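Quick note: the sequence shown uses our numbering, first residue 210, plus one each step. Note sheet for the following structure.
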Amino acid sequence: MIILPFAFKGKIVELIKTEINNSVNAKVDFEDFSLSLFRSFPNFNFGISGLTIIGVDEFSGDTLANIGSLYLELDLMSVFSGDNYSIKSIVVKDPVIRTIILADGKANYDIAKASSDSTVVNANDTSKFSLNLKSFKFVNAKIIYDDREGNMYADIQGLDLNMNGDFTSSTTDINLESEIEALTYKMDGMKYLNKATVKFDANIGANLDNWEFTFKDNNLLLNSLGLKFEGKIKMPTDDYDIDLKFASDKADFKSFLSLVPAIYLTDFENIKTSGKASVSGKVKGIYNDLLMPSFDIKIDVSDGMFQYPDLPAKVENVNIKAEINSPESDMDKMKIDVEKFHFDIAKNPMDIRLKLTTPMSDPNIDANFKGKFDLATLKTVYPLDKSQNLIGNFDVNVALKGKQSSLDKGNYQEFVASGFMKIMNFEYKDKDLPEGVQISNTEMNFNPKTVELTAFKAKYMGSEIESNGSLSNYIDYAFGDGTLKGVLNLKSGLLDINKILGTSSDAPEKADTANKNSSMEAFQVPKNIDFAMNATIGRLIYDNINISSIYGKVVLANSMISLDNLNMDMLGGKLNMSGLYNSTNIQSPEVALVLGMSNFDVKKSYEAFNTIKNLAPIAKYINGTFSSIVNFNSKLDKNMNPIYKSLNSNGLLKFSNLAIKGSPTFSKIANALKYDKLNNLDAKPFNLQFDVVDGNLEVKPFNVIVNEIPTNVSGTMNIDQTIDYKLAMELPKAKLGSGANSALNNLSNQAKSIGVNVDNSDVINVNAYITGKAIDPKVKIAIANPAQDVKDQLEKQVKNEIDKAKKQALDEANKLKQQAEDKALQLKKQAEEEAIKAKQKAIDNAKSELEKQKLELEKKKLELEQKKKEEADKLKKKLADEAKNKLKGWR
């Protein structure tokens, strides 16, 4: 028993590695492994610890799974035979699993290699492992489900699962025991469960040939709400055929109340309750990517009451009668009916009534929201922390009745929308928010066409915000799939982004705080809003930058932010900015900017921007100002920093008189020439043109007078910080000291050896070559060789001519390519339009309602994709044209 594991260990490990590599497109690794007969005698127990599965391609670097340990129980005789290793049980301990579905539908768990993959072993080969499972266990699992396509998110903490059955048989009873310490679930930005406890025990009859599962004895406990299921689920293909009923096992209000996270997580055991509550429902039909089953869910609460034992007031008269009914797969037939939803909080009444029909095609709503609430009374019914303080008054009275189509056609007289919502003298403070949030006044008035925000005035973390404006299409946004449109005016005397993000510095202008990573991350701009905001901000603080006198237009639409002539004062000068932040693909957001800078301070700009630190490190030692027009575009990482290999930029910089002090590079030049005056430099005004392509910088040749020394500068810096610059300087002999002349004499003697005589010249032409890494450059000094310079110049002219010819050829090729792309886009657009027409024709000819629903969904998807792409292309072209025109007019 001791020797056997060692005899087979290596062979099994090798087979597992082979199986993994043949099966998945991912990076799989593990720290250690073990093989034992003692753990599961008389079978082998093979264990793997530290197993990791890391994604590739668009999921490169993302960890799909990090498993503490994995144990496989292998049939002893199958190991001896060596032909097929039979797995009888699987135990997974301490796994951390993160599943991601991107907006385009690609999933990080879709790692199985296709059978046609050239890397897969021969098709005749079969796996050396077979599943003959009797049991499967998860111990202390943590699972994240992040569905960005469906806008769903689940966080499962502390999952224990034990599943037993004879999975080798066609039919078996599966005994399932599972428990979750904390389940959080969000959909469309709304949190439905927050750290809920879940326990599900069930006996399920399984027909494994047909993948049919029938619920027998079972009980689901969600917090304190118990539910029982009856029925079956069939999964023979991608279609799930569901026929289930469920109902709460108790009729008491307290179990229903446990679904409210704030109450369940706060002294729930001791809370006093009364009243009755029930939850029931049924689900029947096919579920797949295009179809939903019919369902009917009912909630009834009568005379509900709860009171915390040490508090004087209570929440009472809780009465709810609600039903969501969808009688068939067509979701447009769904009806939401909240006939009654009433409660009193410390004698503050609230009433809600809502009826919604035809939600997909033409939302038809009949709703009332009415209530008054003195927020200070909340502490009399709910145990707030001693540091928490809440005051203010909330008043709402809104009535809505009518169809969305009436609003779409402009028939506002056919739609009833009236009322208001007010928040007055609101203030909230706690230990984490000692400065609090204050809303002195907010008022929204409803009419069929718009919601008018007549007043909004708030303070948060020292920042002040005032706003007014209007919102339109709010009915379709709230109850359908419409886009919320708005025109808002935003005004602020101070916006301290550092405090708002929790990255405040006591001295935000200190250089040593520059560019430290803040908590700011790449963010998704909602795709279903279209806001045009006219902003006026007196002062804004972000990181180590103080910005003032901000005004301009900001548009949020189609998952993008557009800046239109946004003006501001910063870094000692003025900035005019237009641009685009595109978060359509949140994994790889993009930014495109046109920056017009006037009289910017060089050193402050260096301290403020990492891009300048990386591309122009000498700016650290420069005092002076510059103006420029810069075109900039790049992909961004998760912290909103440019990804340099994707960075492209060009521009023209106009410098005023500059002073360069303490530059290590110029100190090296001064030491090499024995000319101390080059340690501190004064440069007269000059212009500099640059290009950045895929993160590689090229500085075009330019002339500048430095300490009265005419100098020509040119060079490059690659993305790896390797530099290659040349400074061609005309040094006047008369102004050089003895040390410099001595150094130059040595250089002159070297020059004579190659036929260059500088003895009779009043000026010595010297080239300084700066190479190596930007952080520690190497400097080489040489007397300019006219013959070599002529040769270099001729070679450069020839190269320029070749480049010119190449450019002409490339321009012509690009012109032809653009024509081809335009034609292709035209054909593609025609094809898309034809596809939409074909879908419509198929819908018209469809024989069954089910076919019509499928085709209608496909048609809508095509239309949305086409519209979104067209709008994004228009914005990009507009920005590119704007950049070209500004740069052309500024030169």
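Where is the CB? At the ideal position from N, CA and C, for every residue including glycine. None of the values given here were measured: they were computed from a predicted structure.
| Does the segment 487-501 come within contact of the segment 450-461, defined as at least 3 CB pairs closer than 8 Å? | yes
| field | Where residue 716 falls, given that 16 or more other Cβ within 10 Å makes a residue buried | value | Confidence in residue 716 is poor, its pLDDT being 40 and thus under 50, which makes the residue's placement too unreliable to answer from.
| query | For the alpha helix (DSSP H) that residue 686 lies in, which residues bound it at each end? | reply | 683-688
| Under 8 Å, do residue 640 and residue 596 count as touching if we go by C-beta distance? | yes
| task | Would you list the residues sitting across from residue 503 in a DSSP beta bridge? | result | 493
| task | In the DSSP assignment, find the unbroken beta strand (DSSP E) run with residue 237 in it and report its ends. | result | 236-238
| Does DSSP put residue 366 in a helix, a strand or coil? | strand
| In terms of residue numbering, what span does the alpha helix (DSSP H) encompassing residue 708 cover? | 706-710
| message | Please report the straight-line C-alpha distance between residue 684 and residue 615, rounded to a whole angstrom. | response | 11 Å
| message | Within 10 Å of its beta-carbon, does residue 787 have 16 or more other beta-carbons around it, so buried, or fewer, so exposed? | response | buried
| request: Take residue 904 and list the residues in its own chain whose beta-carbon comes closer than 7 Å to its own, dropping the five residues that flank it on each side. | output: 853, 854, 856 and 928
| Below 8 Å, can you find three or more Cβ-Cβ pairs linking the segment 650-668 to the segment 537-546? | no
| request: Jot down the residue ranges of each uninterrupted alpha helix (DSSP H) in the segment 641-703, minimum 4 residues, whole runs only, in chain order. | output: 683-688
| Closest Cα partner of residue 937 within the set 930, 931 and 915 | 915
| 3-residue-minimum beta strand (DSSP E) runs that sit fully inside the segment 339-415, ordered along the chain | 361-373 and 380-396
| said: Going by beta-carbon coordinates alone, are residue 571 and residue 612 separated by less than 8 Å? | reply: yes
| Is it right to say residue 282 is buried, meaning 16 or more other beta carbons lie within 10 angstroms of its own, or is it exposed? | buried
| request: Can you have a look at residue 399 and say buried or exposed, based on whether 16 or more other CB atoms are within 10 angstroms of its CB? | output: exposed
| request: Please report how far the alpha carbon of residue 862 lies from the alpha carbon of residue 819, in whole angstroms. | output: 18 Å
| said: Just to confirm before moving on: does the CB-CB distance between residue 405 and residue 392 stay below 8 Å? | reply: yes
| message | Need the endpoints of the beta strand (DSSP E) that residue 935 sits in, please. | response | 931-941
| Sequence-distant residues of its chain with Cβ nearer than 6 Å to residue 350 (five each side left out) | 304 and 368
| Given a threshold of 16 other Cβ atoms within 10 Å of its Cβ, counted over all protein chains shown, does residue 732 qualify as buried or as exposed? | exposed
| request: Taking 8 Å as the cut-off, decide whether the C-beta atoms of residue 527 and residue 540 are in contact. | output: no
| said: Going by DSSP, what residue range makes up the alpha helix (DSSP H) through residue 465? | reply: 462-466
| task | Can you grab the Cα-Cα spacing for the pair residue 452 / residue 632, in whole Å? | result | 46 Å
| query | Relative to the alpha-carbon of residue 737, which residue among 749, 692 and 366 has its alpha-carbon at the smallest distance? | reply | 692
| Under the three-state reduction of DSSP, which class applies to residue 825: helix, strand or coil? | coil
| query | Any beta-carbon of chain E closer than 8 Å to the one on residue 581? | reply | Structure shown: chain E not included; a single protein chain is present.
| Beta-carbon spacing of residue 831, residue 789 below 8 Å | no
| said: Quick check on the burial criterion: 16 or more other C-beta atoms within 10 angstroms. Buried or exposed for residue 726? | reply: Caution is warranted here: a pLDDT of 42 is assigned to residue 726, below 50, making its placement in the model unreliable, and the coordinate value is therefore given only provisionally. Residue 726 should be labelled exposed.
| request: Using the Cα positions of residue 601 and residue 841, report the straight-line distance between them to the nearest angstrom. | output: 47 Å
| query | For residue 188 versus residue 742, is the C-beta spacing smaller than 8 Å? | reply | What is shown of the chain runs 210 to 1100, which leaves residue 188 out entirely.
| said: Give me, in chain order, the residues of the same chain whose beta-carbon lies closer than 6 Å to that of residue 799; leave out the 5 immediate sequence neighbours on both sides. | reply: 791 and 844
| CB-CB length for residue 804 against residue 746, believed under 8 Å | Contact flag wrong, Cβ pair sits at about 18 Å.
| query | Relative to the alpha-carbon of residue 554, which residue among 542, 577, 587 and 565 has its alpha-carbon at the smallest distance? | reply | 587
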